[in-house]
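A.B. asks: First the structure, then my questions, so here it is.
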Amino acid sequence: MNDFQFQNPTKIIFGKDQIKKLADEIPANAKVLMLYGGGSIKSNGIYNQVTEALSKFEVHEMGGIPPNPEYEVLIKALDIIKEKNITYLLAVGGGSVIDGTKFISAAAVYDGDSPWDLITRQKPVTDGMPFGTVLTLPATGSEMNSGSVITRREMKLKLPIGGPGLFPKFSILDPQVVYSIPQRQIANGLADAFTHVLEQYTTYPAQALLQDRFAEGILQTLVEIAPAIMKDNNDYDAAANFMWSCTMALNGLIQKGVPTDWSIHAIGHELTALYNIDHARTLAIITKSLYTYNLETKKEKLAQMAERVWGVTEGDTQEKARAAINHIEDFYQSLGIKTKLSEYTEDYRGTAEFIAERFTERGMTGIGENKNLAPDDVAKIVEMSY
Ligand code: NZQ
Ligand code: ZN
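Under numbering that gives the first Met the number 0, the first residue of the sequence shown is numbered 0, with each subsequent residue one higher.
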C-alpha cells in the first residue's frame, strides 16, 4: 500500500426531505447566490424546497449553467457577486452546476488578471468562497470532492481545476430527487460512477486489500441496482443506493494508497469538447479499447474484478481479464449506452491524431497509472474506439 493522507471536510446530509435543513448549514448573516442549471429544478419542485428553506436569508440567483459548464456563462456570476456583496454560494444541480460553482468560488477570491488563468496555470486551488450543494443528479461525486471540469466552447476545450480549497462545506443528498431524472441521465450517472471506480481500481495490484474491497463493493452495488433504477426511478431504496454509490465512488476514499489511472477521463473530455457527447458516454466509448490495449499491465486487476464482481471462475488470468472487459461493455450497453465513437458522430475520422496532438502540445506525454501512455498510444486507443 502506498503512503497517503486523507481529509474530506464535506458534511453529508443524506435522506428523505433533508433540503429543509439548508438553513442550519449556512451562516445566518450570509448573502447567498443560488446557482442552478437549465430549469429542471423549477419543474420538479426542488427550487421551491430550496427557496422555502432559505426564506430568512438574502438570496440572489443565477440559472442557466449548461451541462459541461461553460466558462463564458460562469464568469457572469462574478458581476453579481461583486454587485450584491455575496458571501456564500449554493449549487443546486448535478455535476455541471456543482463544478461551475466550484470555479466561481475560486474565481470570486482570485486577484490575478483573468479567471481563465486559474485553469491554465494548473496549480491546486487553496482558497475559494464558501459554498454548499443540493445534489439533484447522482453521477459525478462532485458533491463530496474538490474537483471540477470547465468547458470553453469557442476553443473546444474541457479542462480540470481543483484543490483543497474547493470542497463543498456541505451537500444535501435527498434520493427523492432521482424521481424526476430522465432515464438517459440515470444511465449516465450509473456509467460515470462505475468508471470512476474503474479508474481507481483497474491498475496493478498494490496490496491494498480494503481499498480493493471498497471498490468492488461499489461496482457490485451499481451492477445490482442498475436494472431496478432503470426500470423504476421512483424506487426509493434503489435511488438511495444509487446516490450513495455515486458519492462514494469519487470522494477520495477508494483512491487512497493505490495507483490511479484517469486516462479514460482525460481522453473522454476531449470527445465532449469536440463532439459534445455526454461525459459518461465518452467513457463508455474509450474503456474497452484502453483496457484491451493495456491488457498486459492491467490483467491482474481485471481478472480479480471478473472473479469478485461477476463471479467468473473459468480460464487463466488473461482469459478472466478479457471476460471482465466484456462484462464492462455489457454493463454500459445494458444501460442503453453505445460504446463506439462512430455511433455518436459520422465525423470521427482524424479524431485520434487530433487528440494525440493536443496531448503533445499540453505536455501530456505519459498518462495512466504507469505514466507511459504516450500520445501515439492514445491515438491507437482512440482509433480502436471508432
Ligand atoms: O440543467 P438542468 O435543467 O438542471 O438539467 C440537467 C441537465 O440537463 C438534468 N438534471 C439534473 N438533475 C435533474 C435533471 N433533470 C431532471 N431532474 C433532476 N433531478 O440533467 C442534465 C445533466 O446534468 P449535468 O449536471 O450536466 O450531469 P452530470 O451530473 O452528469 O455532470 C456532468 C459534468 O460533471 C463533470 C463532467 O465532465 C460534466 O461536465 N464531472 C465532474 C467530476 C467531478 N467534479 O468530480 C467528475 C466527473 O468525472 C465528471 O468529469
Ligand atoms: Zn466521470
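Every residue, glycine too, gets a C-beta built ideally from N, C-alpha and C.
#1: To the nearest angstrom, report how far apart Q332 and G161 are at their CA atoms.
#2: Could you give the DSSP three-state label for A373: helix, strand or coil?
#3: Looking at the secondary structure, which residues open and close the alpha helix (DSSP H) in which K81 lies?
#4: In the DSSP assignment, find the beta strand (DSSP E) that holds R151 and state where it starts and stops.
#5: Give the range of the beta strand (DSSP E) segment to which Y331 is assigned.
#6: Do I79 and the ligand NZQ come close, with the Cβ less than 8 Å from some heavy atom?
#7: According to DSSP, is E223 part of a helix, a strand, or is it coil?
#8: Check each candidate in A320, L252, V91, L32 and name the one with the smallest Cα separation from Q210.
#9: Relative to the C-alpha of T119, which candidate in L77, Y70, D78 has its C-alpha closest?
#10: Are the CB atoms of T135 and I266 nearer to each other than 9 Å?
#11: Can you give the Cα-Cα distance for F330 and I180, rounded to whole angstroms?
#12: How many Å lie between V381 and R357 at the Cα?
#13: Just how far apart, CA to CA, sit G140 and A186?
#14: If you run the structure through DSSP and keep just helix, strand and coil, what is Y235?
#15: Could you tell me the distance, in whole angstroms, from the CA atom of E345 to the CA atom of P68?
#16: Could you spell out where the alpha helix (DSSP H) holding L301 opens and where it closes?
#17: Starting from A90, follow its DSSP beta bridges and name the residues at the other end.
#18: Determine the direct distance from the alpha carbon of G36 to that of A76, and round the result to whole angstroms.
#19: Report yes if the CB atom of A29 is closer than 9 Å to the CB atom of F56, and no otherwise.
#20: Any heavy atom of the ligand NZQ within a distance shorter than 8 Å of the CB on P204?
#21: Would you mind working out which of E368, Q121, F102, T338 sits nearest P167, comparing C-alpha positions?
#22: For E368, name the three-state secondary structure that DSSP assigns.
#23: Can you tell me where the alpha helix (DSSP H) holding I40 begins and where it ends?
#24: Any contact of the stretch 192-205 with the stretch 253-260, i.e. 3+ C-beta pairs under 8 Å?
#25: What span of residues does the alpha helix (DSSP H) with S262 cover, start to end?
#26: Taking just the CA atoms, how far does D234 sit from V311?
#27: Under 8 Å from any heavy atom of the ligand ZN, does the C-beta of L422 make it?
#28: Taking the alpha-carbon of S113 as reference, which of G92, L73, A138, I97 has the nearest alpha-carbon?
#29: Is the beta carbon of H268 closer than 9 Å to that of P374?
#30: Decide if R280 is buried, meaning its Cβ has at least 16 other Cβ atoms within 10 Å, or exposed.
#31: Only counting the same chain, and skipping five residues up and downstream in sequence, which positions put a Cβ closer than 7 Å to that of L334?
#32: If we require 4 or more residues per run, which alpha helix (DSSP H) segments fall completely within the stretch 146-194?
#33: Quick one: Cα of S147 to Cα of T100, how far?
#34: I'd like the list of long-range same chain contacts for E215, defined as Cβ closer than 6 Å, with 5 residues on each side in sequence excluded.
#35: Is it the case that the stretch 147-157 contacts the stretch 4-11, given that we only count it when at least three CB pairs across the two stretches are under 8 Å?
#36: Give the C-beta separation of T350 and L282 to the nearest angstrom, bearing in mind that I take them to be a contact with Cβ-Cβ under 8 Å.
C.D. replies: In short, the structure shows the following:
#1: A direct Cα-Cα distance of roughly 32 Å separates Q332 from G161.
#2: A373: coil per DSSP, three-state reduction.
#3: Element bounds for K81: 75-82.
#4: Where R151 is concerned, the enclosing beta strand (DSSP E) stretches over 146-151.
#5: Premise fails: Y331 lies in the alpha helix (DSSP H), 316-333, not in any beta strand (DSSP E).
#6: Not so, every heavy atom of the ligand NZQ lies at least 8 Å from the Cβ.
#7: It is helical.
#8: Measuring from the Cα of Q210, the nearest candidate turns out to be L252.
#9: Among L77, Y70, D78, the Cα nearest to that of T119 belongs to Y70.
#10: Their beta carbons are not under 9 Å apart, which means T135 does not touch I266 by this criterion.
#11: If you draw a straight line from the Cα of F330 to the Cα of I180, it comes to about 20 Å.
#12: Each residue's Cα considered, the two are about 13 Å apart.
#13: Taken atom to atom, the span from the alpha-carbon of G140 to that of A186 is near 15 Å.
#14: In this structure, Y235 counts as helix in the three-state DSSP scheme.
#15: Counting only the Cα atoms, P68 lies some 25 Å from E345.
#16: From DSSP, the alpha helix (DSSP H) with L301 extends over 294-309.
#17: Looking at the DSSP assignment, A90 forms a beta bridge with L34, T132.
#18: A direct Cα-Cα distance of roughly 13 Å separates A76 from G36.
#19: Against a cut-off of 9 Å, the Cβ pair of F56 and A29 comes out as a contact.
#20: No - the ligand NZQ has no heavy atom lying nearer than 8 Å to the Cβ of P204.
#21: If you compare the alpha carbons of E368, Q121, F102, T338 with that of P167, the shortest gap goes to F102.
#22: The three-state secondary structure of E368, taken from DSSP, is coil.
#23: It spans 39-42 - the alpha helix (DSSP H) in which I40 sits, taken as one unbroken run.
#24: Contact between the stretch 192-205 and the stretch 253-260 is present, because at least three Cβ pairs lie under 8 Å.
#25: From DSSP, the alpha helix (DSSP H) with S262 extends over 262-274.
#26: V311 and D234 have their C-alpha atoms spaced approximately 30 Å apart.
#27: Nothing about residue 422 can be read from this structure; the chain reaches only from 0 to 385.
#28: Nearest C-alpha to S113: L73.
#29: No, Cβ-Cβ distance for P374 and H268 is not below 9 Å.
#30: By the C-beta density criterion, R280 is buried, having at least 16 other C-beta atoms within 10 angstroms.
#31: Only A186, L189, A190, A225, M229 meet the Cβ criterion.
#32: Qualifying alpha helix (DSSP H) stretches: none in this window.
#33: Approximately 9 Å between the Cα atoms of the pair.
#34: R307, V308.
#35: With the cut-off at 8 Å, the stretch 4-11 and the stretch 147-157 do not touch.
#36: That pair is no contact at about 16 Å.
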